[in-house]
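Peer 1: Residue numbering for the sequence shown follows UniProt numbering, beginning at 1 and increasing consecutively. Positions of the beta carbon are idealized from the N, C-alpha and C atoms, including for glycine. Model, not experiment: these values are computed from the prediction.
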Amino acid sequence: MMPQKIVPNANHKENSANLKIPIYTQQRLCQTSVYFRIHCVTSKAFHSPRRPFSIHPFTRMPSIEHPTIKDGWFREISGMWPGQAMTLQVKEVLHHEKSKYQDVLIFESTNYGTVLVLDNVIQCTERDEFSYQEMITHLAMNAHPNPEKVLVIGGGDGGVLREVVKHDCVKEAVLCDIDEAVIRLSKQYLPGMSVGFEHPKTTTIVGDGFKFLEDKKGEFDVIITDSSDPEGPAEALFQKSYFELLNGALREGGVITTQGSENQWLHMPLIVELKKACKEVFPNVEYGYTTIPTYPSGQIGFMVCSKDANRDLKKPLRTWSPEEEEQLCRYYSKEIHEAAFVLPTFARKALQ
C-alpha cells in the first residue's frame, strides 16, 4: 500500500463551527499551547453550550446496533484478558463502520464522554485519554536533549500529535497510520484529540508504518508507536524486526516509546518477551507504566528505549517549569516521569 499524504481541509474553520465540543474539552484545548489557545478563541466551535459528561438517570437506547452493546451497556470482552470484562453505559451510538482493517465503533457514554472502540476494544475516552497520551509522549520527548523531528506510528486519534507539539523544540512531527477511517472519524467525533492534526508543524500520512520505516535511515530524534493491541493490523509492531526498523530510522541518541502490551497484572510473560526483543536491538531499555481506568485492570505500560547506552531514561533530561506543567499537562510531571519506572516487586523481578 502506497503511503498517501492527507491534504489539509481548506474548510476547517467553517466546518469546525458546527462541531459540538464538551466544555471540559474546550477548557483543556485552551491550555495546551499558544497555537491551540488562539484556535480556541477564534473558532465558534469552542463556545458550544453542550454540557460536560454526567451520570444520566435515563439513558437513551442506542439507535445503531452493535454486538458489543446489550441493554444499553458496552461490554469489552477479549481473549487477551480472559475471565474479566470492562463495561460502560451507553448514552448514544454515534457511528459504526467496518474499515478496510478493523471494526470502528464510536459512542457517547454517560460517564466517560465519547469513546473510540477498535475491534471491540476501547482505544480512548474523552475523560481519561490524557493519561495515556501524555505518558507515551513525554516519557520519550523529555528523555531526549533536543527532539526536533518526531515520528508517530499509529495514533490516528491525534492525541499523541497534540502532545508532541507542546514541545517548542519540535520542528516537524510526522504521523503515519494505516487506517484513514480512524483519522477521519476522530476529526469528526474527537476534536479534543484530533486538534493535533491542525498544527502547522504536523504532517499526516495514511500508510503502513512498517513499510514507511523501511527506507528511513537516521531521520528522527524520537519515534512513538501508538498502536492497538498485538492482534490484527498492529501485530507486526510488537516484533523484533519492527524494533530494528525503529533503530535504523533514529538519529544518534534517538529515543522510542511503544505500547508495552497492556499491564503487569495480566501480561507479564508478554512484557518480558517484549523487553527481551527490545534489548536485542537497543542498548538501553526500560519499562514504565501509567494508570488509566478504561484500560484492562486500569493500567498500561510502555517500553522506552534509546540508542544512547549511558542515558538515564528514568529521569527527564528536559523539564517544564511548574507553571508550564500545570498549564500543559493533566497527568505528566517530572515526578510522575520518575515514578512511572518504579515497579512492584513481582514485576521488577520478572523483568530483571
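Considering just the uninterrupted stretch of the beta strand (DSSP E) at F282, what are its terminal residues?
Peer 2: Unbroken run through F282: none, as it is neither H nor E.
Peer 1: State the start and end residues of the unbroken beta strand (DSSP E) segment that holds M303.
Peer 2: Counting along the chain, the beta strand (DSSP E) containing M303 begins and ends at 299-306.
Peer 1: Where DSSP assigns a beta bridge to T291, which residues make up the other side?
Peer 2: DSSP, once it has assigned bridges, lists Q299 as partnering T291.
Peer 1: Within its chain, find whatever has a CB closer than 7 Å to the CB of K187; leave out the 5 residues flanking it on each side and keep chain order.
Peer 2: So the qualifying residues of the chain are S194, F197.
Peer 1: For a minimum of 3 consecutive residues, which ranges assigned as the beta strand (DSSP E) are wholly contained in the region 77-143?
Peer 2: The qualifying runs are 86-98, 103-109, 114-118, 121-125.
Peer 1: So the beta strand (DSSP E) V174 belongs to, where does it begin and stop?
Peer 2: Where V174 is concerned, the enclosing beta strand (DSSP E) stretches over 172-177.
Peer 1: If you scan the region 143-220 from start to end, which runs of the alpha helix (DSSP H) of 4 or more residues do you find wholly inside it?
Peer 2: Runs of the alpha helix (DSSP H) inside the region 143-220: 159-164, 180-189, 191-194, 209-213.
Peer 1: Return the chain-ordered list of same chain residues with a C-beta closer than 7 Å to the C-beta of W81, the five sequence neighbours on each side being excluded.
Peer 2: Contacts found: L266, P296.
Peer 1: The beta strand (DSSP E) that contains Q259, what's its start and end?
Peer 2: Start and end: 250-259.
Peer 1: Rounded to whole angstroms, what is the Cα-Cα separation between K166 and Y289?
Peer 2: Rounded to the nearest angstrom, the two C-alpha atoms are 21 Å apart.
Peer 1: With 16 other CB atoms within 10 Å as the buried threshold, where does T319 fall?
Peer 2: T319 comes out exposed.
Peer 1: Quick check on this structure: which residue in I122, T114, G159 has the alpha carbon closest to the alpha carbon of M135?
Peer 2: Nearest C-alpha to M135: G159.
Peer 1: Taking L328 as part of the alpha helix (DSSP H), name the residues at either end of that continuous run.
Peer 2: Taken as a continuous stretch (DSSP letters only), the alpha helix (DSSP H) holding L328 covers 322-328.
Peer 1: Buried or exposed for E76, please, with buried defined as at least 16 other CB atoms from any protein chain shown within 10 angstroms of its CB.
Peer 2: Buried.
Peer 1: Is residue 364 helix, strand or coil by DSSP?
Peer 2: Any answer about residue 364 is impossible in this case: the structure gives the chain only from 1 up to 352.
Peer 1: When the Cα atoms are used, what is the spatial distance from D226 to V152?
Peer 2: Approximately 7 Å, taken between the alpha carbons.
Peer 1: Could you have a look at R318 and say whether DSSP puts it in helix, strand or coil?
Peer 2: Coil at R318, not helix or strand.
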